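Undergrad: In this note's numbering, the protein residues as written are -11 to 740.
C-beta: ideal position from N, C-alpha, C; glycine also.
Keep in mind it's a predicted model, so treat the numbers as computed, not measured.
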DNA sequence: GGTTGGAAACTTTTT
DNA sequence: GTTTCCAACC
């Protein structure tokens, strides 16, 4: 190959790039340059094989990944913008906007998020006269989602239920939920995929159009695909079989969302004759960090054997610290960031704190504010899920379609205009009886039985929406949003809240206005965008997507959000039994749940480029009350060699003995228990280093003069053995590292 | 019939 | 800590 850009690839990467025909599975370890492989592969197809760019499809999971790939492809090849690079969900939306009429929907369908979905479940329960306490919204939604991911229809769910009362009711709720969505001309997240598959199965001409259109298909993060997604890819690829999937089974962390790890483990069976390329050289992290990652993930059973390695050098040792409390953990971590940035001139964005649950973020946020550290909180409540934003968007949805009952219900009394639940129920009933939408029923409120007192208020509301619809025809979106705020007197409701919160909400609304403007300015199609386009964009963005690289702030996020990102210094916080791994996964009794948590830990470790600090807290406040957790099992799975820097420091070492008795260790490493040990002293200085269970051996199986092997230092000769109170101290002269003093129980020396 | 404030109950992770 | 529920008020 003459092209210089391909010279920067290693042999395995090049192999993956050159294998363009037929099914290909790229098993890419963390930081092994999979995005580079994908983009180079696209460039190779276009530049070397002359494939037209529009015949190439690359599917990702997040918008951020899609954006990154888009910009890389554009900078590498001419007409790069013609390559179809999009997320699963937005790809499906694009297809459905063109052809969904074949499934009996209008093309301007709206997309419901989980909040809307909850409202629909509530309505379904009411329609079926079922007790909402018996069938929880959230549980029902995840059940429905699971059914959809498995492509099980309401009818099938019903027949599967047999004579089980509960299952039968659940299936009926599902059926009712479906009817309501269809009536509102709405699709939920799962529908986007499911309806596309339905479309392909039903309309052969549509399927073959897209099969011919996408002659080369690439799927990123393949380990996170679920059954519908697999089916979608399978349908598209089965004609030409040029399907390349990239993934890492060790980074599969979305099982709870229906991701099926078997999709990657069984790829070769699903696509016979598939070629497999493993990328194991890591370009991101130091060897210390990779050792830690490898050691932890080794404890999982169902996985493809891999061993990450790098040429980046050993680097700083991974450090573990146990703090007295969650507060102290946050304080020390943020203090460390403050020191590093102030004293060593490092920038804030080099640091990231990763945690298991969103609830943990607050502690770090508070410390950042207190210490004046600029930070960015990723995830938590998604910008577009905030109440005020959703309210405004519900107005826009109502203005845009008029069929969206869920949106109308949300805003009919926001701000308060004296239209209560009873009135809405009557209107809804009337609408159902006459087969019209809620908004239409409001227009005819005079004819609705039982509506008298609320009638003038309803007329005002209907008039308001009518007016906004008129204005929407000419105004740009940002202007329209301003108008909604003004006409509804939305800010009026906010001032009643505490000042600070109201300010926050106003700022959020300003940001929404800015985003709307942005959207219009960046619109690329010659056709001007309509309100539906904007609402669609907004429905499909995640929080990570809007993370910008340029502002210098440290990052706080869950382990899930951190996937695909990298940071010079990572703090993995809250490594405690019950928190991480979560009590849910411990209690379920399914070892697969713990394995998923372990993969999550692996993802967290491999985000780090140069430094990794792992920590836990002995006590922390969880939903109001103080709990005492044991150190996570994952900490114990970390390799001894990782801690050797500490062992070289006698000072840290003696500290460790001074502050921790061995009873403490056995308690800590016991399985998660509810038994509460004595409370931690709040301001106690934390001990450095990892405290392994120190158990003095009765006798050592090596003596002075023997050659022994150490995991990290290699081979050496035992010079001296000192009998200490709690352990033997062994002096070894290593061939490569010289003389070292090690403790027998830590060093795990093996006689050769 | 609608609003409001306080008590109760629930928080794993999210495209 | 935060969202939902209910009962007393308007």
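Quickly, what does DSSP pair residue 270 with across the bridge? List them, please.
TA: Answer is 298, bridged to residue 270.
Undergrad: Where do the N-terminal and C-terminal ends of the alpha helix (DSSP H) with residue 589 fall, by residue?
TA: Unbroken alpha helix (DSSP H) run through residue 589: 579 to 593.
Undergrad: With H, G and I counted as helix, E and B as strand and the rest as coil, what does DSSP make of residue 82?
TA: Three-state result, residue 82: helix.
Undergrad: Determine the closest residue to residue 185 out of 570, 214 and 236, with distance taken between C-alpha atoms.
TA: The candidate whose alpha carbon is nearest that of residue 185 is 214.
Undergrad: Excluding five sequence neighbours on each side, which residues of the same chain lie with their C-beta closer than 6 angstroms to the C-beta of residue 442?
TA: The answer, listed in chain order, is 407 and 411.
Undergrad: In whole angstroms, what separates the C-alpha of residue 282 from that of residue 112?
TA: The straight-line gap from Cα to Cα measures roughly 48 angstroms.
Undergrad: Quick one: what does DSSP say residue 356 is sitting in, helix, strand or coil?
TA: Note: residue 356 maps to helix in three-state DSSP.
Undergrad: Tell me the residue span of the beta strand (DSSP E) that contains residue 428.
TA: Residue 428 -> not in any beta strand (DSSP E); alpha helix (DSSP H) instead, spanning 426 to 431.
Undergrad: Contact between the segment 21 to 41 and the segment 237 to 254: three or more CB pairs below 8 angstroms?
TA: The answer is no - the segment 237 to 254 does not touch the segment 21 to 41, with fewer than three Cβ pairs under 8 angstroms.
Undergrad: Span of the alpha helix (DSSP H) holding residue 179?
TA: Residue 179 -> alpha helix (DSSP H) spans 177 to 190.
Undergrad: Give every residue of the same chain whose Cβ lies closer than 6 angstroms to the Cβ of residue 14, excluding the five residues on either side of it in the sequence, and list them in chain order.
TA: So the list reads 4, 234 and 265, once near-sequence residues are dropped.
Undergrad: Check whether the segment 121 to 137 touches the segment 202 to 213, taking contact to mean three or more Cβ pairs, one atom from each stretch, closer than 8 angstroms.
TA: No contact exists between the segment 121 to 137 and the segment 202 to 213.
Undergrad: When you compare only the Cα positions, how much space is there between residue 67 and residue 41?
TA: Going by the C-alpha atoms only, they are around 7 angstroms apart.
Undergrad: Mind checking residue 607: buried by the 16 CB within 10 Å criterion, or exposed?
TA: That one is buried.
Undergrad: Going by DSSP in three states, residue 412 sits in which element: helix, strand or coil?
TA: DSSP places residue 412 in helix when its eight states are reduced to three.
Undergrad: Alpha carbons only, please: which of 491, 102, 24 and 142 is nearest the one belonging to residue 59?
TA: It is 24.
Undergrad: Using a Cβ distance threshold of 8 angstroms, determine whether the segment 132 to 152 contacts the segment 555 to 569, with at least three qualifying pairs required.
TA: Contact fails: fewer than three Cβ-Cβ distances are below 8 angstroms.
Undergrad: How would you write the range of the alpha helix (DSSP H) that residue 49 sits in, first residue to last?
TA: It is not in any alpha helix (DSSP H) - residue 49 carries neither H nor E in the DSSP assignment.
Undergrad: Using 8 angstroms for Cβ pairs, my map puts residue 84 next to residue 183. What's the rounded Cβ distance?
TA: Between residue 183 and residue 84 the Cβ distance is about 6 angstroms, and since that is below 8 angstroms, they are a contact.
Undergrad: Considering only C-alpha positions, which residue in the set 177, 268, 155 and 81 is nearest to residue 20?
TA: Residue 268 is the option with its Cα nearest to residue 20.
Undergrad: Determine the DSSP secondary structure at residue 312, reduced to helix, strand or coil.
TA: Reduced to three states, the DSSP call for residue 312 is strand.
Undergrad: Can you give the Cα-Cα distance for residue 224 and residue 199, rounded to whole angstroms?
TA: About 5 angstroms.
Undergrad: Could you have a look at residue 698 and say whether DSSP puts it in helix, strand or coil?
TA: Correct three-state label for residue 698: strand.
Undergrad: Among all the DSSP beta bridges, which residues are the ones paired with residue 307?
TA: DSSP, once it has assigned bridges, lists 601 as partnering residue 307.
Undergrad: Contact between the segment 383 to 392 and the segment 357 to 373 is defined here as three or more beta-carbon pairs at a separation below 8 angstroms; is this criterion met?
TA: No, the segment 383 to 392 is not in contact with the segment 357 to 373.
Undergrad: In angstroms, rounded to a whole number, what distance separates the CA positions of residue 649 and residue 611?
TA: Note that residue 649 has pLDDT 30, beneath the 50 cutoff, so the model's placement of it is unreliable and the number below is only indicative. C-alpha separation (whole angstroms): 30 angstroms.
Undergrad: Cα separation between residue 672 and residue 320?
TA: Interpretation of residue 672 is limited by its pLDDT of 30, a score under 50 that renders its predicted location unreliable; no figure is taken from the coordinates.
Undergrad: How would you call residue 461, buried or exposed, if buried means at least 16 neighbouring beta carbons within 10 angstroms?
TA: Exposed, by the Cβ-count rule.
Undergrad: Does the contact criterion of 3 or more C-beta pairs under 8 angstroms hold for the segment 85 to 92 versus the segment 138 to 156?
TA: Taking 8 angstroms as the limit for Cβ pairs, the verdict is that the segment 138 to 156 does not touch the segment 85 to 92.
Undergrad: So residue 32 is in the beta strand (DSSP E); what residue range does that whole segment cover?
TA: First-last for residue 32: undefined, no H or E at that position.
Undergrad: In angstroms, rounded to a whole number, what distance separates the CA positions of residue 436 and residue 88?
TA: Going from the Cα of residue 436 to the Cα of residue 88 covers about 34 angstroms.
Undergrad: Do you know whose CA, among 114, 175 and 428, lies nearest residue 454's CA?
TA: It is 428.
Undergrad: Going straight from the alpha carbon of residue 817 to that of residue 574, what length do you get?
TA: Within the shown structure, residues of the chain are numbered from -11 to 740, placing residue 817 beyond reach of any answer.
Undergrad: When the Cα atoms are used, what is the spatial distance from residue 395 to residue 613?
TA: Roughly 37 angstroms separates the two Cα atoms.
Undergrad: Give the straight-line distance between the Cα atoms of residue 467 and residue 255, rounded to the nearest whole angstrom.
TA: Those two C-alpha atoms are separated by around 50 angstroms.
Undergrad: Given this structure, state the Cα-to-Cα distance separating residue 550 from residue 53, to the nearest angstrom.
TA: Each residue's alpha carbon lies about 12 angstroms from the other.
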